[in-house]
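*Asks:* Going by this note's numbering, the sequence shown wraps up at 381, each residue one higher than the last.
We treat Cβ as the ideally placed atom computed from N, Cα and C, and that holds for glycine.
Computed from a prediction, not measured in an experiment: that's the story for all the values here.
Input: one structure, supplied below.
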Amino acid sequence: MDLILTPSSPLLGKRIAEEIGVKLSAVSFKRFPDGELYARVESQESEHVVVCSLNSSDDFVLLNLLFDAIKGDVVAVIPYLGYARQDREFLRGEAVSVRVVAKAIEERAEKVITVNIHSEKAKESFKKLVDVDAMPLIGKSYEGEDVIMISPDKGSAERVKTAARFANCEWDWLEKRRIDEKTVEISPKKIDVEGKRVVIVDDIISTGGTVIEATKKLYELGAKSVECACVHAVLADFAAVKLFSSGVREIVATDTVERIYSKISVSKILAEKII
Ligand code: R5P
Numbered sequence: 107m108d109l110i111l112t113p114s115s116p117l118l119g120k121r122i123a124e125e126i127g128v129k130l131s132a133v134s135f136k137r138f139p140d141g142e143l144y145a146r147v148e149s150q151e152s153e154h155v156v157v158c159s160l161n162s163s164d165d166f167v168l169l170n171l172l173f174d175a176i177k178g179d180v181v182a183v184i185p186y187l188g189y190a191r192q193d194r195e196f197l198r199g200e201a202v203s204v205r206v207v208a209k210a211i212e213e214r215a216e217k218v219i220t221v222n223i224h225s226e227k228a229k230e231s232f233k234k235l236v237d238v239d240a241m242p243l244i245g246k247s248y249e250g251e252d253v254i255m256i257s258p259d260k261g262s263a264e265r266v267k268t269a270a271r272f273a274n275c276e277w278d279w280l281e282k283r284r285i286d287e288k289t290v291e292i293s294p295k296k297i298d299v300e301g302k303r304v305v306i307v308d309d310i311i312s313t314g315g316t317v318i319e320a321t322k323k324l325y326e327l328g329a330k331s332v333e334c335a336c337v338h339a340v341l342a343d344f345a346a347v348k349l350f351s352s353g354v355r356e357i358v359a360t361d362t363v364e365r366i367y368s369k370i371s372v373s374k375i376l377a378e379k380i381i
């Protein structure tokens, strides 16, 4: 068995290879002048692990090119499974994007492993999916610290409850109302954050809109400081600049999307599911 690195997850891929004790396959990628992508895999092995977060459409194209290039069996490790938020037909005629992604991956891979897929609904598109929870790792990274964990909405409440259990701290959630794609309003809920160090915990920080609105609300409620922690630091649209500018003191994330904020590695919990 060997492990194939991809441009979206080079460090996490290398860490996983070290955890499971396999070598890295020789792989090369290039982009042609017209923008088309190319992939080549030189391997003598008959079993492979591919580690490829889907943080852009290019990542999805590359993954499919690899599926064609690889000879033999494949375990697909997709640490951040993008396109999972479009998990249903919200408006008549819409593509269910996660279904398309699931079909392409499962057609080729014997097993699919991801971290905190966005929703239970998204899971329904897969037959071979192993979904690993990184919330205990996020919680443990705050163990012994005097913090309160807040979910920015009810949807993430169960995740935050898990993180708080491992951090051994109090937790709560805020109510959220989405106005449009980029605007989110938070209505107050009865939480006592006055004078407290608050950590907003979520699965994904994408534009940062959700965390920024929650941050404003928490400062209005008297929080001493606000930080944020997430599994997938997508951080699109200059989100980190916006987060810090809104008063967020720190961004903590896992390495499902490799960022400077990826202070927690999911390599071990993924490696445990491969073999
Ligand atoms: C929502 O259901 C998710 O849990 C996140 O709160 C959301 O995806 C974050 O997106 P953004 O950073 O763009 O507000």
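Once DSSP output is grouped into helix, strand and coil, what is the label at D165?
*Replies:* Here residue 165 refers to the residue found at position 59 when the sequence shown is read from its first residue. If DSSP states are grouped into helix, strand and coil, D165 belongs with the helices.
*Asks:* Within the present structure, is the beta-carbon of G188 separated from the nearest heavy atom of ligand 1 by less than 8 angstroms?
*Replies:* In the sequence shown, the residue the question calls residue 188 occupies position 82. For ligand 1, not one heavy atom lies less than 8 angstroms from the Cβ of G188.
*Asks:* Check whether the Cβ of A346 lies closer than 8 angstroms to any heavy atom of ligand 1, and answer yes or no.
*Replies:* If you number the sequence shown from 1, residue 346 lands on position 240. False, no ligand heavy atom lies under 8 angstroms from that Cβ.
*Asks:* To the nearest angstrom, report how far apart K246 and A269 are at their CA atoms.
*Replies:* Against the sequence shown, residue 246 aligns to sequence position 140. Against the sequence shown, residue 269 aligns to sequence position 163. Taking the straight line joining both Cα atoms gives about 7 angstroms.
*Asks:* Just checking my contact of V332 with V304 at CB under 8 angstroms: how many whole Å lie between their CB atoms?
*Replies:* In the sequence shown, the residue the question calls residue 332 occupies position 226. In the sequence shown, the residue the question calls residue 304 occupies position 198. Contact flag correct, Cβ pair sits at about 5 angstroms.
*Asks:* In terms of DSSP beta bridges, what is D179 paired with?
*Replies:* Residue numbering aside, residue 179 sits at position 73 when the sequence shown is read from its first letter. Note: D179 sits in a beta bridge opposite E153.
*Asks:* Which of helix, strand or coil does DSSP assign to S203?
*Replies:* For the purposes of this step, residue 203 is taken as the residue at position 97 of the sequence shown. Helix.
*Asks:* Are F135 and A145 closer than 9 angstroms when you measure CB to CB?
*Replies:* Numbered from 1 along the sequence shown, position 29 holds the residue referred to as residue 135. Numbered from 1 along the sequence shown, position 39 holds the residue referred to as residue 145. Contact: yes.
*Asks:* Within its chain, find whatever has a CB closer than 7 angstroms to the CB of K229; leave out the 5 residues flanking it on each side and keep chain order.
*Replies:* The count along the sequence shown starts at 1 and reaches residue 229 at position 123. So the qualifying residues of the chain are I223, L235 and D237.
*Asks:* Going by DSSP in three states, D308 sits in which element: helix, strand or coil?
*Replies:* The residue labelled residue 308 in the question sits at position 202 within the sequence shown. D308: strand per DSSP, three-state reduction.
*Asks:* Mapping the DSSP letters down to three states, classify I285 as helix, strand or coil.
*Replies:* Here the question's residue 285 lines up with position 179 in the sequence shown. I285 falls in the strand class under three-state DSSP.
*Asks:* Measure from the alpha carbon of Y186 to the alpha carbon of each residue in F173, N161 and Q192, then state which is nearest.
*Replies:* One-based indexing of the sequence shown puts residue 186 at position 80. That would be N161, whose Cα lies nearest to the Cα of Y186.
*Asks:* Taking DSSP as the reference, what is the three-state secondary structure of E356?
*Replies:* Sequence index remark: in the sequence shown, residue 356 carries index 250 (1-based). E356 falls in the strand class under three-state DSSP.
*Asks:* Can you look up M255 in the DSSP assignment and give me helix, strand or coil?
*Replies:* Taking the sequence shown and counting its residues from 1, one reaches residue 255 at position 149. M255: strand per DSSP, three-state reduction.
*Asks:* Would you kindly check if the distance between the Cβ of I318 and the Cβ of I254 is under 9 angstroms?
*Replies:* Mapped onto the sequence shown, residue 254 falls at position 148. Mapped onto the sequence shown, residue 318 falls at position 212. For I254 and I318, no; Cβs fall outside 9 angstroms.
*Asks:* Please name the residue in A273, R271 and A263 whose C-alpha comes closest to that of E281.
*Replies:* By 1-based counting over the sequence shown, the position of residue 281 is 175. When only C-alpha atoms are compared, the closest one is A263.
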